[in-house]
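Shown next, in C-alpha cells, is the structure this report addresses.
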Amino acid sequence: MLFALPWKRDTYWPVRIATASGPLLGVQFVGAASSVAKEQHQHQQPVWYSVASKTGKSLDWCRQNPTLVKPPPEVRVGDSSDTADDAVLKSLLLGKGEGEGEDAPTEMLDGDALQPAERILEGGLLECCNCLMPYALWFVKVVSNRGGRLQLVWMDEQCSEPRPDREPFYLFFTSHRLHPLGFGASDGEQKSSLPYYYSPSLTESGRVSNESATSLSSSWQPALAGKFMRKHRAPPQHRFRLGHRMEAVHPVHRRTIQPASVVSVIDKHFFIVELDDLRPPSERQSVKRLCTAETCEIFAANTCASRSLPLTPPPGHSGHFTWAGYLASLPASSDGQAAQAPPDSYFQLPDEEFDFCLGEKLEMVSQEEPANTLVPATITRFIGRLMLLHLNHLPPLSPPILVDMGSTSLFHAAHHKRLLTNVHPPSWCSKIYVNSRCHVGPSLSKGSVDGLPKSLGPGDVCVLLEDLISRIVQAAYNPTKVLKDIERDPEEPRDSLAQRPMKAKFKGKSYSSIVQLCNNSMFLDEYLKQFCIRLKACPYFTCQARLKKLLTVERLPRKTRPPRLLRPNASASNLPQLEQQPQHQAGGDDSYQGGADVDDDLASNHSSANGGAARLLVSEKVDGQAFLLLTLPTVVSGLGLSLSASAELCHCVWQLKKAFFQQFANS
1 MLFALPWKRD TYWPVRIATA SGPLLGVQFV GAASSVAKEQ HQHQQPVWYS
51 VASKTGKSLD WCRQNPTLVK PPPEVRVGDS SDTADDAVLK SLLLGKGEGE
101 GEDAPTEMLD GDALQPAERI LEGGLLECCN CLMPYALWFV KVVSNRGGRL
151 QLVWMDEQCS EPRPDREPFY LFFTSHRLHP LGFGASDGEQ KSSLPYYYSP
201 SLTESGRVSN ESATSLSSSW QPALAGKFMR KHRAPPQHRF RLGHRMEAVH
251 PVHRRTIQPA SVVSVIDKHF FIVELDDLRP PSERQSVKRL CTAETCEIFA
301 ANTCASRSLP LTPPPGHSGH FTWAGYLASL PASSDGQAAQ APPDSYFQLP
351 DEEFDFCLGE KLEMVSQEEP ANTLVPATIT RFIGRLMLLH LNHLPPLSPP
401 ILVDMGSTSL FHAAHHKRLL TNVHPPSWCS KIYVNSRCHV GPSLSKGSVD
451 GLPKSLGPGD VCVLLEDLIS RIVQAAYNPT KVLKDIERDP EEPRDSLAQR
501 PMKAKFKGKS YSSIVQLCNN SMFLDEYLKQ FCIRLKACPY FTCQARLKKL
551 LTVERLPRKT RPPRLLRPNA SASNLPQLEQ QPQHQAGGDD SYQGGADVDD
601 DLASNHSSAN GGAARLLVSE KVDGQAFLLL TLPTVVSGLG LSLSASAELC
651 HCVWQLKKAF FQQFANS
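Quick note on numbering: UniProt numbering labels position 440 of the sequence shown as 440, and the sequence is numbered without any gaps.
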C-alpha cells in the first residue's frame, strides 16, 4: 500500500508499507530501494509511522498538491533531464517501478483504528438475528466492546431504549447473527437469497415493514460501517426430515453428547434440533439449537461408539443404552414411519481448514464464567472439526469441552494482554507454603530458606512445583548435590508423573537433570512429603497448609559447660555444697516415671545383643512407657526387625515388666 508521508515541514513523498506492528507501520520511501541508494544509505534506520499521528496523506492529495511533493535526499527521482514533477507522475500516476501498489484507504490515515474491531462504536446499533429464528431481525445496541467481543442488548418496539425484560448477551462482531444497520432493508446478494424480515418480537407473526424499521433506526448511529462487517455466505442445503435421530453436543455446557431429534425444519437451509428427554412432561427441560448441514456439533448415530466417546443417555432412560434398542422403543410418527437415524452422508463438514495442533494452549470465553472472562485451555483431542479442550483452571480429571474450530469464542494465547484484562488463573491447585521455621535438613541454608516466598500459587501443579523446586535447589549449600538427590530414578519410572529438565550451577560448573513432578493435585500432599524426606527435612517443610507451630525442629547437641577448676589457694567456702541424696526404698514413692529418658533404655540394652534395636528405638522417639507396651507383632511390623531380633527385644521388655511388678506389686 502507498501513501504520502512528510519527511520535513510541508514536504511529502510517497512511502510503501513494508511491515506492520499494531498501530506502528514500518515504511520505506518510494525510490529508496534502488541499487545506488542502497550503497549510499545502507546504514539508514527504518522509518516508523504511527497511525495515531494523522500526518499521512493519500495519493489523491499528492496529485492535487504536486508542489508539496519533493523527494528526500536518499531518493533519486530519475535522470537529470527529468524534473521532480515528472518523477512524481512516473511514481504516482503511471505506477511504474517501486511505485506499484494500491492506495492506502482513508480509514487507515484518519487515525481512528486499523482493525474493524477497534472501529465499533459503543452506543451504536446493529441488526441481530434470533438464535432459533435465523431470518428474524431486530436492532441491538452495543453496550461495550472488548477487542471485538460485544455486549449487546435488544431494543424495544419503538427502538427508543433497551428492553428491560431482556438480559444483555455477548457476541463476537464476526458472528453470523450480526449484520450492519440497514441490512434487512437492503437488496444485497445475501439479502436477496434469504428471506430476512424485521420483527420486534423476533417471531414470524410480529413482522413489520422495512420502511417502518428503517424510520425507527434512522435517529441512531450505526455501530460499524457495512464494508467492515463480515459477509456470510448462505449455508448449503440439507436433507434432514422431521423426526430424524442423531447425536448432538449439549449447547449449554458443551461437555456431554446426548441423543437428539429434529423437531422443526425451517427451510432447505436451517432446521432445529432438540435434545431427547424421556421424563414426564412436567419435568422436561427443552434444550434446542439451530443447525445447518455444516453444523459440527451434530453427528450420525453410533459416532460416539466408533470414536470411543462417552454417550450420555437421555434423562429418564433406564438400563444400558444402544441405538438399535432406543430406536425400536420410540413410538412411530404421525404418518406411521418408525424413528430413523440419517446416514453419515447427510452430515457435511465446511471446507475451511485450520492449523491447530495437539497440546497447544489458547484462550477461550467459557459460558461457565462471566462473559468477559478469558480462561486458558489446552487442546487434548480432535474429532473432525471439533476440539476437546481442557480448561486449565479446572481439575485434571474434569470432562473436556467440545468446541468448533471456527468458534468465535476462541482466541490465541496472551490475547488478554492485548485487551488489558486479566485471564482466569488456574486456581484448582491451592497455595503451596514454605514453612521455613521447620527443620530444613543438612543440605539447605537456613538463611537462604528464610528469604524464599512464604507461599506460591494458586496455579498449575507442574508450574508451581517447578518454580518451588528450582528455588529450593538454589537455596542449598551445594545446588548440584541437591539436584542429584531429587532427580528421577531410572530404575523406578512412574508414568503418572511429569518430567521436567532442571539445571543447577555450583562453583562455575553446571549440572542438568530430569526431575519428576506431580501433575495431579490429589497426590500433591504425598509428593511434597516424599520430596522433604529426600532432603532429610521436616515432612511439613513444604506443604499445602500454613503451620502455626513447629512440628519438627533441628535438634542440636547441648553445649555442656566444663567443670570449674579450683585453685590451690581457694578457700573452703568456695567448695560446692554436696547434698546427700537418699537412696530409693522399695516401699517409698510408688509412682512410675512413664516418660523416662530414652538414654536409660539405650544404656540398658547396649549390654545385650540389642544394640541395633536400641539405636532404632532412639530414632523412633520411643519413651519408657511406650517401651513397656511393645509386643512381638508390633516390633515385627512397626520397627521392621527380624523375627529373632524381635523376640530378643521382647524378652528384654518382659524382664523389665517382671522387675517392675516384683518391685511395686506389694507397695
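By construction, the Cβ of each residue, glycine as well, lies at the ideal position given by its N, Cα and C atoms.
Backbone CA spacing between residue i and residue j [nearest angstrom]
| i | j | result |
| --- | --- | --- |
| Thr378 | Leu410 | 11 Å |
| Ala537 | Asp485 | 13 Å |
| Gly640 | Thr303 | 56 Å |
| Ala37 | Pro105 | Summary for Ala37: the model assigns pLDDT 44, below 50, so the residue's position carries little reliability, and this model does not support an answer. |
| Gly206 | Gln340 | 35 Å |
| Leu628 | Lys621 | 14 Å |
| Pro501 | Ile469 | 11 Å |
| Gly406 | Ser217 | 32 Å |
| Leu178 | Ala338 | 39 Å |
| Arg149 | Leu171 | 6 Å |
| Leu25 | Asp103 | 15 Å |
| Pro395 | Leu224 | 41 Å |
| Asp276 | Glu157 | 35 Å |
| Arg163 | Glu369 | 24 Å |
| Val51 | His415 | 22 Å |
| Gln367 | Ala305 | 27 Å |
| His424 | Lys507 | 41 Å |
| Ser642 | Thr542 | 34 Å |
| Cys357 | Pro66 | 53 Å |
| Asp165 | Pro200 | 13 Å |
| Leu547 | Thr292 | 59 Å |
| Leu630 | Glu526 | 29 Å |
| Val27 | Arg230 | 28 Å |
| Trp61 | Val252 | 54 Å |
Exposure of residue i, with buried meaning 16 or more beta-carbon neighbours within 10 Å
| i | result |
| --- | --- |
| Asp597 | Note that Asp597 scores 47 on pLDDT, short of 50, meaning its location in the model is unreliable; the coordinates nonetheless yield the value given after this. Exposed, since its Cβ has fewer than 16 Cβ neighbours within 10 Å. |
| Asp404 | buried |
| Cys128 | buried |
| Glu283 | exposed |
| Tyr326 | buried |
| Glu297 | buried |
| Glu211 | exposed |
| Phe661 | exposed |
| Tyr540 | buried |
| Glu363 | buried |
| Trp138 | buried |
| residue 698 | No information on residue 698 is available, as it lies outside the stretch 1 to 667 that the chain covers here. |
| Gln285 | exposed |
| Pro633 | exposed |
Cβ pair residue i, residue j closer than 8 Å
| i | j | result |
| --- | --- | --- |
| Phe173 | Ala117 | yes |
| Ala260 | Ala248 | yes |
| Pro399 | Arg279 | no |
| His250 | Gln258 | yes |
| Leu290 | Val262 | no |
| Leu483 | Asp467 | no |
| Ser160 | Gln151 | no |
| Tyr135 | Tyr196 | yes |
| Gln499 | Ile514 | yes |
| Gly31 | Leu109 | no |
| Ile272 | Leu402 | no |
| Val142 | Trp154 | no |
| Val473 | Pro453 | no |
| Leu59 | Ala4 | yes |
| Pro236 | Glu294 | yes |
| Gly147 | Leu419 | yes |
| Val375 | Leu397 | no |
Cβ-based neighbour list, residue i, same chain, cut-off 7 Å, excluding 5 preceding and 5 following
| i | result |
| --- | --- |
| Trp7 | Trp13, Pro72 |
| Arg239 | Tyr346 |
| Gln580 | Note that Gln580 has pLDDT 44, beneath the 50 cutoff, so the model's placement of it is unreliable and the number below is only indicative. Correct list: empty, nothing qualifies. |
| Pro222 | Gly124, Leu125, Pro180, Leu181 |
| Leu194 | Tyr135, Ala234 |
Minimum Cβ-Cβ distance from residue i to chain C less than 8 Å
| i | result |
| --- | --- |
| Leu391 | Any reference to chain C falls outside this structure, which holds one protein chain only. |
Residues of its chain near residue i, where Cβ-Cβ distance is below 8 Å and the 5 sequence neighbours each way are ignored
| i | result |
| --- | --- |
| Cys429 | Gly457, Pro458, Gly459, Asp460, Val461, Leu464, Ser521, Leu524 |
| Lys70 | Thr11, Tyr12, Trp13, Ala84 |
| Ser209 | Tyr198 |
| Asn478 | Ser443, Phe506 |
| Val47 | Leu5, Val15, Gly26, Val27, Gln28, Phe29 |
Contacts around residue i, its chain only, beta-carbon distance under 6 Å, and the 5 residues preceding and following it disregarded
| i | result |
| --- | --- |
| Asp82 | Note that Asp82 scores 44 on pLDDT, short of 50, meaning its location in the model is unreliable; the coordinates nonetheless yield the value given after this. Contacts found: none. |
Contact test: residue i Cβ vs the ligand HEM heavy atom, cutoff 7 Å
| i | result |
| --- | --- |
| Asn422 | Of the ligands one can find in the structure shown there are none, so the ligand HEM has no counterpart to examine. |
Cβ pair count under 8 Å reaching 3, the segment 348–364 against the segment 312–320
no
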